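What follows is a set of notes on a single structure, which appears directly below.
Protein chains: 2
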Amino acid sequence: MAQRVTLKQVAVQAGVSYQTVSKVLNKQAQVSKETKERILEAVQTLGYHPNSIARNMRLQQSCLIGYSWAPAPPDQVNPILDQLLQSMAQAAETAGYHLLCFPHHFDQETVTAYRDLIDTNRVDGFVISSVEYDDPRVTFLQERGFPFVAFGRSNPELSFPFVDIDGAAGMQMVVEHLVRLGHRHIAALAWPKDSRVGQNRMDGYLSGLAANGISVSPGLILRCEGNFQGGLEATSRLLELPVIQRPTAIMAFNDVMAIGAIRAAQERGLQVGVDLAITGFDDTPMVQYLTPTLTSVRQPIWEVGQQVISILLSILNETSLPGAQVLVRPELIVRESSRGQSIQNDKTKLVNYP
Amino acid sequence: MAQRVTLKQVAVQAGVSYQTVSKVLNKQAQVSKETKERILEAVQTLGYHPNSIARNMRLQQSCLIGYSWAPAPPDQVNPILDQLLQSMAQAAETAGYHLLCFPHHFDQETVTAYRDLIDTNRVDGFVISSVEYDDPRVTFLQERGFPFVAFGRSNPELSFPFVDIDGAAGMQMVVEHLVRLGHRHIAALAWPKDSRVGQNRMDGYLSGLAANGISVSPGLILRCEGNFQGGLEATSRLLELPVIQRPTAIMAFNDVMAIGAIRAAQERGLQVGVDLAITGFDDTPMVQYLTPTLTSVRQPIWEVGQQVISILLSILNETSLPGAQVLVRPELIVRESSRGQSIQNDKTKLVNYP
DNA sequence: ATATTGAATGCGAACGTTCGCCCGAACGCT
DNA sequence: AGCGTTCGGGCGAACGTTCGCATTCAATAT
Chain C
192 MAQRVTLKQV AVQAGVSYQT VSKVLNKQAQ VSKETKERIL EAVQTLGYHP NSIARNMRLQ
252 QSCLIGYSWA PAPPDQVNPI LDQLLQSMAQ AAETAGYHLL CFPHHFDQET VTAYRDLIDT
312 NRVDGFVISS VEYDDPRVTF LQERGFPFVA FGRSNPELSF PFVDIDGAAG MQMVVEHLVR
372 LGHRHIAALA WPKDSRVGQN RMDGYLSGLA ANGISVSPGL ILRCEGNFQG GLEATSRLLE
432 LPVIQRPTAI MAFNDVMAIG AIRAAQERGL QVGVDLAITG FDDTPMVQYL TPTLTSVRQP
492 IWEVGQQVIS ILLSILNETS LPGAQVLVRP ELIVRESSRG QSIQNDKTKL VNYP
Chain D
192 MAQRVTLKQV AVQAGVSYQT VSKVLNKQAQ VSKETKERIL EAVQTLGYHP NSIARNMRLQ
252 QSCLIGYSWA PAPPDQVNPI LDQLLQSMAQ AAETAGYHLL CFPHHFDQET VTAYRDLIDT
312 NRVDGFVISS VEYDDPRVTF LQERGFPFVA FGRSNPELSF PFVDIDGAAG MQMVVEHLVR
372 LGHRHIAALA WPKDSRVGQN RMDGYLSGLA ANGISVSPGL ILRCEGNFQG GLEATSRLLE
432 LPVIQRPTAI MAFNDVMAIG AIRAAQERGL QVGVDLAITG FDDTPMVQYL TPTLTSVRQP
492 IWEVGQQVIS ILLSILNETS LPGAQVLVRP ELIVRESSRG QSIQNDKTKL VNYP
């Protein structure tokens, strides 16, 4: 491996003190044009690159942003992880920052890993995701006064910078879409009450119904686990209701529940999209290849990643409005499962309500 | 934010020089029992944690492992990213290392990002994945003599440390399985010839046939893009062959192609799993919820992550056998699409050929 | 009694930067 | 001619560690 080139070697080559080289490179000094050129030339020929560890040492920062996430359960895949990481990494890189990814620990206290990274000065800030009510990470980081930005909200009374998807708006779009198709009996496959994201989507479902003058039928709201089995069983129960109470449309709170719902309907010989509308949430890439293709709500993850990093960087540079809170609108993707058309495999229509 | 505690403060508290504190903490010195206890007590009460930037500065290392990956195309999801990252991050953490994730650049020369990270001393080593023939990263890192481990092989003549899935073995398991069910006309939905992974899987397909005394029918090998559309169109062509040439089983080189194949078969009114066997590769979590559920090959990603990091760490500690090359066996997951049974949704049988 | 060991600890130096202060020279002004 | 101002650049210091060598003191061997 080539020996590292340092400031001093450049300085010798250019015949100046090494501190002057540093000044030139940081564009902050008043140096004559000639010496400046001489120095830059020496930098070129020697192939000098600043040692970031030494810079970090001097500047008392690491230029690293910590990020950790809960792994997806084995029967599911995290549909946004790839894009979120790429987006955040890209936004960070342009500012000279990088992402430090650390593993999620179920067993021990969650905040331990965060504390260690702070105590050892490894990171300058955090991005946290999958934020829940009374999230221990939020309270911990707030107590320590350590910079962080959340992807997702928490308790309304807690005030901290976040970026979140407007899940309520997304659900409202779905309701709107179904109502236009003539549906009035719209069921919801919801999550347990302790889910913050679930509550947000529920709000959208309810306000969507209200906005269209539809009264809520408690029997059409089923709370269950957000997986295939949950969607399957809940839908089975819905389809056993007396005809007059039975829903003509089912809104699942995520895609994998919708897939369970489709299976339940098909087992009863129903043609999804014709006899019964079913919608999902997340727009997992594969749902466009289901039979029928699934109507879902797509989250603008790239934008979330950009915003999260942008806010965090402004906090780190202390150029921030203290409590930036951003909501981004998702996008409704209408497909066969809610359209009542015959099945075609290559048509996907994008509808984005403004 | 609390003022940072340094070695010197601990030293003052314990009444020794700060270098002695360092020695105690690194367990390398001969210090008396009493002072050792006094120092450790001071460390406790002051809450001292070593500043990792300063350590890195002194030790001329960053304890960071660089990792970058090509994002999945928009209609697909990377089924292994989550688990691979968690596995690598976990393995790294136990050795005091962390993952530095940087974005993939399509436009510029791929190695630029790698070069920058090396030049600025940001990372101690790399993990690279999606390795192809004549991969520029391999040649670049070999030239620079910079530590790295690959997830995936490249040209056979290149010698570097890697961990790879034995894709050939996986495909052979599939052939074996299909032959036991009585299939003799087994088609392959393959990838373009420049794909290293594709070639590896093709080898397994061919040797699997040979091992069972089945001669290769060139008409049953179709090369196409590894996406839904590719699988759909290739399967359509296969199903238009004269009955005597038509395959009774189709092995797709990945899951999303298999999904396209299923669609093509269903459009012709075939019952997949009964009239025609179809298999995938990767065992993307969602394929267990397809109709019919999909037989696929599962890759032991957790193990890959552990091995990759373990090898890299041994290189960094110079305790390595120079060219560790590890193959891990995948696992065949048999489901309805190749079983010829009526459709049931909750039965998944695992078969792992030894 | 003196030389030889060994343990326990102190001390200087270095890793590669950045920052602020200082100093000399040149310049323009009264 | 004297004085303040600006420009160009040098220099010391510090960030918090770790490492190797020097030093002290007591114990043992000669």
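Protein chains in written order, with the working numbering: chain C, 192 to 545; chain D, 192 to 545. Think of the CB as a built atom: it goes at the ideal place given N, C-alpha and C, for glycine as much as any other residue. Values in this document were obtained by computation on a predicted structure and should not be read as measured data.
Run through the DSSP bridge pairs and tell me what residue i is partnered with.
i	result
C/Tyr258	C/Cys292, C/Val318
D/Glu431	DSSP output for D/Glu431 lists no bridge partner at all.
D/Arg489	D/Asp473, D/Glu522
C/Ile441	C/Ala378, C/Ile469
C/Val463	C/Leu467
D/Val517	D/Val354
Please tell me whether, using a cut-off of 7 Å, the distance from the CB of residue i to the nearest non-hydrogen atom of the ligand SAM is below it.
i	result
C/Gln390	The ligand SAM is absent from the structure shown, which contains no ligand whatsoever.
What is the C-beta distance between residue i and residue j, in whole angstroms, given that I count them as a contact (C-beta under 8 Å)?
i	j	result
C/Pro476	D/Val268	5 Å
D/Met364	D/Leu523	4 Å
C/Pro264	C/Asp473	Not confirmed; about 14 Å, so no contact.
D/Leu518	C/Leu290	Not quite, the Cβ-Cβ distance comes to about 30 Å (not below 8 Å), so this is no contact.
D/Asp315	C/His240	D/Asp315 to C/His240, Cβ: 16 Å. No contact.
D/Ser528	D/Thr470	7 Å
C/Asn312	C/Ala359	The pair is not a contact, with the Cβ atoms about 40 Å apart (cut-off 8 Å).
Kindly list, in the order they appear in chain C, the residues whose Cβ is closer than 8 Å to that of residue i.
i	result
D/His295	Gln277
Whose C-beta lies closer than 6 Å to the C-beta of residue i among residues of the same chain, with five residues either side of it excluded?
i	result
D/Ile230	Ala205, Val212, Val215
D/Gln346	Reading the sequence as shown, one finds Asn at residue 346 of chain D and not Gln. The residues are Tyr324.
C/Ala378	Leu411, Leu429, Pro438, Ile441
D/Ser427	Ala455
D/Lys540	Note on D/Lys540: pLDDT 41, under 50, position unreliable in the model; the coordinate value appears next. So the list reads Val525, once near-sequence residues are dropped.
C/Ser259	Phe293, His295
D/Ala280	Leu290
Residue i touches chain C at which residues, Cβ-Cβ below 7 Å?
i	result
D/Phe419	Tyr480
D/Glu284	Phe293, Pro294
D/Ser243	Thr311, Asn312, Arg313
D/Gln457	Thr482
D/His240	Asp310, Thr311
Kindly indicate the opening and closing residues of the beta strand (DSSP E) around residue i.
i	result
D/Leu380	377-381
D/Phe339	339-342
D/Asp355	353-356
D/Leu372	Segment: none, D/Leu372 is in no beta strand (DSSP E) and carries neither H nor E.
C/Leu413	412-414
Counting only the same chain and skipping the five closest in sequence on each side, list residues whose C-beta sits under 8 Å from that of residue i.
i	result
C/Ser208	Ala202
C/His296	Thr303, Ala304
D/Asn508	none
C/Leu413	Ala378, Ala379, Leu380, Ala381, Ala425, Arg428, Leu429
D/Gly287	Cys254
Which residue marks the beginning of the alpha helix (DSSP H) containing residue i, and which one marks its end?
i	result
C/Thr330	327-335
C/Ile244	243-250
C/Glu348	It is not in any alpha helix (DSSP H) - C/Glu348 carries neither H nor E in the DSSP assignment.
C/Ile450	446-458
D/Thr303	302-310
C/Asn391	387-402
C/Ile230	224-237
D/Tyr209	209-216
D/Ala280	272-284
D/Ala202	198-205
Could you name the residues of chain D that residue i contacts, counting a contact when the two beta carbons are closer than 7 Å?
i	result
C/Asp266	Pro476, Gln479
C/Asn217	Per Cβ cutoff of 7 Å: no residues; C/Asn217 is ~15 Å from chain D at best.
C/Ile506	Chain D residues near C/Ile506: none, gap ~13 Å exceeds 7 Å.
C/Asn247	Ile244
C/Ile450	Tyr480
Under 7 Å Cβ to Cβ from residue i, same chain only, skipping five residues before and after it: list those, please.
i	result
C/Lys538	In this predicted model, C/Lys538 has a pLDDT of only 38, less than 50, meaning its place in the structure is not dependable; the value taken from the coordinates is given anyway. Excluding sequence neighbours, C/Lys538 sits near nothing in its chain.
D/Val407	Leu397, Leu400
D/Gln436	Gly410
D/Asp326	Ser345
D/Val499	Met279, Val318, Val340, Phe342, Val354
C/Ser487	Asp446, Thr470, Gly471, Phe472, Asp473, Asp474, Val478, Ile524
List, in order along the chain, the chain D residues whose C-beta lies closer than 8 Å to that of residue i?
i	result
C/Asp298	Ordered by position in chain D, no residue passes the 8 Å Cβ test against C/Asp298, which lies about 12 Å from the chain.
C/Arg526	Within chain D, no residue comes near C/Arg526; the closest Cβ sits about 13 Å away, beyond 8 Å.
C/His289	Leu291, Cys292, Phe293, Arg313
Applying a beta-carbon distance threshold of less than 9 Å, which residues of chain C neighbour residue i?
i	result
D/Ala280	Ser259, Cys292, Phe293, Pro294, His295
D/Asp273	Trp260, Pro262, Ala263, Val268, Asn269, Leu272, Asp273
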